[in-house]
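Numbering (our numbering), first residue to last: 2 to 536. Note that the Cβ used here is the ideal one computed from N, Cα and C, for glycine as well. Every value quoted in this text rests on a predicted model; they were computed, and no experiment measured them.
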Amino acid sequence: MTDTWRQLADHRAATGDRPIAALFDGDPDRARRCTVAADGLWFDWSKTAIDDTALDLLLALAEGVPSRREAMFTGERINETEGRAVLHTALRATEGPILVDGRDVLPEVHATLDRMRRFADRVRSGEIAGQGGRYTDVVNIGIGGSDLGPVMAALALAPWADGPRLHFISNVDGADATDTLKGLDPERTLVIVSSKTFTTIETMTNAETVRRWMAGRVADPASQFAAVSSALDRTAAFGIDPERVFGFADWVGGRYSVWGPIGLSLMLGIGPDRFDEFLAGGRAMDHHFRSAPLEGNLPVMLALVGVWHHQVCGYPTRAVLPYANRLLRLPAYLQQLEMESNGKRVTMDGADLDRPSGPIVWGEPGTNGQHAFYQLIHQGTQVVPCEFIVAARGHEPDLDHQQKLLIANCLAQSGALLRGRSLEEARALMAGKGLPEAEAERQARHRVFPGNRPSTTLVIEALTPFTLGQIVALYEHRVFVEGVILGINSFDQWGVELGKELALKLGPLLDGGDADGQDASTLALVAHIRGVRGD
Ligand code: F6P
């Protein structure tokens, strides 16, 4: 493996000056060859500098993926630092058995899904109602993986929203709860407290706040609460009826949990049948990931492009640019999925990682991003590999001309990134504008685009519950493959712990408590803030 990394580095050094466009000149078939299709998805990676040699070396890096993949799908405890299996795929599986320690987990997964379905149907039909009648609104309280998935999916699947309106409170900033609750009728609002651990300070604080908001207006606020959690003792202590608690096992990581009970708010919003389609999309991607050869395997190829750009070429970030406005929160969702999973600094056995771990992931939907940060992507000094996502069809047939404009913009951007505009072309642009020669030259230089900036394009037929499931599972498996190649544990998140611990200590300090162990800068900030507040 070390040899392969070295060969990749050498190959990059030897070919780094070759423009990506030259790869097309030398290979008329490149645009067709450098694609992967999977159940209606079409992934084009031709606009990258990966040539046949690089591809072979990258595929060699992925040699260990199949055995690790089987270990994941079959319930081995591959999350070694927490001693857990990693089986979010079981949440969308229909065929078993899937054994953890010799016990099939599928019957319980399906029993919980059935309970969710029954609950969702009864809430949506009004059979389960609030004190003021049929629930008009659902508020999900959760953070991180207990929030981002349902938020992202609820926005993405807005055309299928035919149940109560969905709202999400995540931030411990009281502004979040205040603004979300504004205008809601407490008597017709169902609250779901979503927390795997039921200890997360933000979620528990917001749950108390919402309970107080209800308490003034609803005789029995607890009756309008449900919970999604693995900690049944704690949900009971909070006063939530066990009938309305939906649990999941420790083999589902927070950022992989939208497929199960954490998706309850989504199911309430779009209905169990549409939720099933979302699961089916994820399942289709699982099947593809598990069965397609590596070079024709969409998650594997997406991962290899990622490894090429970050670990081999050294580009520090990657932008996810959905040309689908309803995928507004997909970049935020992927930030947790990718950065919490692969933002690690030691390998599985605790040795220092001797290459960069996962990249910084960011993005915004097109076309909005074009009028904001694309300037840097086109002409800045850093190279930002771009991952475009676009749908062939929109959901609004009468606005198809807008869909075509959207697609045209997406393709125009990736084309412009590839080709750029040379100084000669920029000079030609300025010629005939009647400017003095020196000024025309100066202006021309500002209009040069270096081009040769890599991108990939994922084309979906349309954004539907099924295709959303495919996309989410695709990125999950991409993270997995990158993690296997790096030899890290993609399924723990120790990096979030220290900040949590220190926040607990700092709370009392803001009230004038003991300053032991704090650094001087933090103490000065506390003193300043207390001064401003007049505490
Ligand atoms: O931020 C760390 C984290 O543990 C995430 O992995 C998780 O999604 C989030 O907190 C919320 O945790 P919980 O569901 O236990 O409230």
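Checklist entry - Exposed or buried, Leu424, counting other C-beta atoms within 10 Å across all chains shown (16 or more means buried)? => result The residue in question, Leu424, is exposed, as its Cβ has fewer than 16 Cβ neighbours within 10 Å.
Checklist entry - Which first and last residues belong to the beta strand (DSSP E) in which Asp350 is found? => result Unbroken run through Asp350: none, as it is neither H nor E.
Checklist entry - What are the boundary residues of the beta strand (DSSP E) that Asp45 is part of? => result Per DSSP, the unbroken beta strand (DSSP E) holding Asp45 starts and ends at Leu42 to Asp45.
Next on the checklist: Tell me the residue span of the alpha helix (DSSP H) that contains Trp214.
Outcome noted: For Trp214, the enclosing alpha helix (DSSP H) covers residues Ile202 to Ala216.
Checklist entry - If we call anything under 8 Å between Cβ atoms a contact, is Val384 one with Val321? => result Cβ distance not < 8 Å, so Val384 and Val321 don't count as in contact.
Next on the checklist: Do Glu77 and Tyr257 count as a contact pair if the criterion is CB distance below 8 Å?
Outcome noted: At a Cβ-Cβ threshold of 8 Å, Tyr257 and Glu77 do not count as neighbours.
Checklist entry - Sorry if obvious, but does the Cβ on Ile144 come closer than 7 Å to a heavy atom of the ligand F6P? => result Between the ligand F6P and the CB of Ile144, the shortest heavy atom gap is smaller than 7 Å.
Checklist entry - Any idea which residues DSSP pairs Tyr476 with across the strands? => result Bridge partners of Tyr476: none, in fact.
Checklist entry - Using the C-alpha atoms, what's the distance from Ser195 back to Glu365? => result Whole-angstrom Cα-Cα distance: 26 Å.
Checklist entry - Thinking C-beta only, is Leu233 closer than 8 Å to Val211? => result In this structure, Leu233 does not lie closer than 8 Å to Val211 by Cβ.
Next on the checklist: Whether or not the stretch 492-509 and the stretch 312-319 are in contact is what I'm after, with contact meaning three or more pairs of Cβ atoms, one per stretch, closer than 8 Å; do they touch?
Outcome noted: No, because fewer than three Cβ pairs between the stretch 312-319 and the stretch 492-509 fall closer than 8 Å, the two stretches do not touch.
Checklist entry - Three or more beta-carbon pairs under 8 Å between the stretch 269-287 and the stretch 444-456, yes or no? => result Verdict: no, contact absent.
Item to check | According to DSSP, residues forming a beta bridge with Gly131 | outcome: BP columns for Gly131 point to Gly134.
Checklist entry - Since Ala107 and Ala91 are thought to touch, with beta carbons under 8 Å apart, how far apart are those beta carbons, to the nearest angstrom? => result Per the sequence presented here, residue 107 reads as Leu, with Ala not at that position. Leu107 to Ala91, Cβ: 6 Å. Contact.
Next on the checklist: I want to check one thing, is the minimum distance from the CB of Glu341 to the heavy atoms of the ligand F6P below 7 Å?
Outcome noted: Placement of the Cβ of Glu341 at a distance of less than 7 Å from at least one heavy atom of the ligand F6P is found.
Next on the checklist: One question on the structure: do Val66 and Val347 come within less than 8 Å of each other, judged by their Cβ atoms?
Outcome noted: For the pair Val66 and Val347, the CB atoms are not nearer than the 8 Å cut-off.
Checklist entry - When you compare only the Cα positions, how much space is there between His89 and Asp26? => result Inter-residue distance for His89 and Asp26 is about 43 Å (C-alpha atoms, whole angstroms).
Checklist entry - For the alpha helix (DSSP H) that Cys411 lies in, which residues bound it at each end? => result Its alpha helix (DSSP H) spans residues Asp401 to Arg420.
Item to check | Contact test: Ser266 Cβ vs the ligand F6P heavy atom, cutoff 7 Å | outcome: No, since every heavy atom of the ligand F6P falls outside the 7 Å radius drawn around the Cβ of Ser266.
Checklist entry - In this structure, what does DSSP give as the bridge partners for Thr82? => result The partner list for Thr82 (beta bridge, DSSP) is empty, contrary to what the question assumes.
Checklist entry - In angstroms, rounded to a whole number, what distance separates the CA positions of Thr82 and Asn490? => result So the two alpha carbons sit approximately 8 Å from each other.
Next on the checklist: Between Asp251, Ala227 and Phe249, which has its C-alpha nearest Gly240's C-alpha?
Outcome noted: The residue among Asp251, Ala227 and Phe249 with its C-alpha nearest the C-alpha of Gly240 is Ala227.
Checklist entry - Skipping 5 residues on each side, what residues in its chain have a beta carbon closer than 6 Å to that of Tyr136? => result Excluding the 5 residues flanking it on each side, Tyr136 has same chain C-beta neighbours closer than 6 Å at Val124, Pro165, Arg189 and Leu191, in chain order.
Next on the checklist: Looking at Leu305: is its Cβ nearer than 8 Å to the Cβ of Ala32?
Outcome noted: Going by C-beta atoms, Leu305 is not nearer than 8 Å to Ala32.
Next on the checklist: Pop quiz: His311 and Pro243 are said to be a contact at Cβ under 8 Å. What is the actual Cβ separation, rounded to whole angstroms?
Outcome noted: Contact flag wrong, Cβ pair sits at about 46 Å.
Checklist entry - Should Gln494 be listed as close to the ligand F6P, given that the test is whether its C-beta is under 7 Å from any heavy atom? => result At least one heavy atom of the ligand F6P is nearer than 7 Å to the Cβ of Gln494, so yes.
Next on the checklist: Quick check on this structure: which residue in His447, Leu419, Arg420 and Gln414 has the alpha carbon closest to the alpha carbon of Leu430?
Outcome noted: Taking only the C-alpha atoms, the option nearest Leu430 is His447.
Item to check | Within 8 Å, strictly: CB atoms of Ser266 and Pro151 | outcome: It is a contact, given that the beta carbons lie within the stated cut-off.
Checklist entry - Which residue spans inside the stretch 227-314 form an unbroken alpha helix (DSSP H) run of at least 4? => result Inside the stretch 227-314, DSSP marks whole alpha helix (DSSP H) runs of 4 or more residues at positions 233-239, 265-271, 273-292 and 299-308, from first to last along the chain.
Next on the checklist: For Thr16, tell me which candidate among Asp53, Cys35, Gly134 and Asp401 has the shortest Cα-Cα distance.
Outcome noted: Checked all of Asp53, Cys35, Gly134 and Asp401; the closest Cα to Thr16 is Asp53.
Checklist entry - Among residues of its own chain, excluding the 5 on either side of Gly216, which ones have a beta-carbon nearer than 7 Å to its beta-carbon? => result Residue 216 is actually Ala in this sequence, not Gly. The beta carbon of Ala216 is closer than 7 Å to those of Pro222 in its chain, skipping five residues each way along the sequence.
Next on the checklist: Counting C-beta neighbours from all protein chains within 10 Å, is the total for Ile530 16 or more, i.e. buried, or is it exposed?
Outcome noted: Burial call: exposed.
Next on the checklist: On the CB-based measure, 16 or more other CB atoms within 10 Å of its CB, does Gly435 come out buried or exposed?
Outcome noted: Exposed is the label assigned to Gly435, since fewer than 16 other Cβ atoms lie within 10 Å of its Cβ.
Item to check | Rounded Cβ spacing between Ser358 and Phe492 (contact assumed at less than 8 Å) | outcome: That pair is no contact at about 14 Å.
Next on the checklist: Closer than 7 Å to a non-hydrogen atom of the ligand F6P - does that hold for the CB of Thr36?
Outcome noted: Checking the Cβ of Thr36 against the ligand F6P gives no.
Next on the checklist: DSSP three-state label for Asp28, please.
Outcome noted: Of the three classes helix, strand and coil, the one that applies to Asp28 here is coil, per DSSP.
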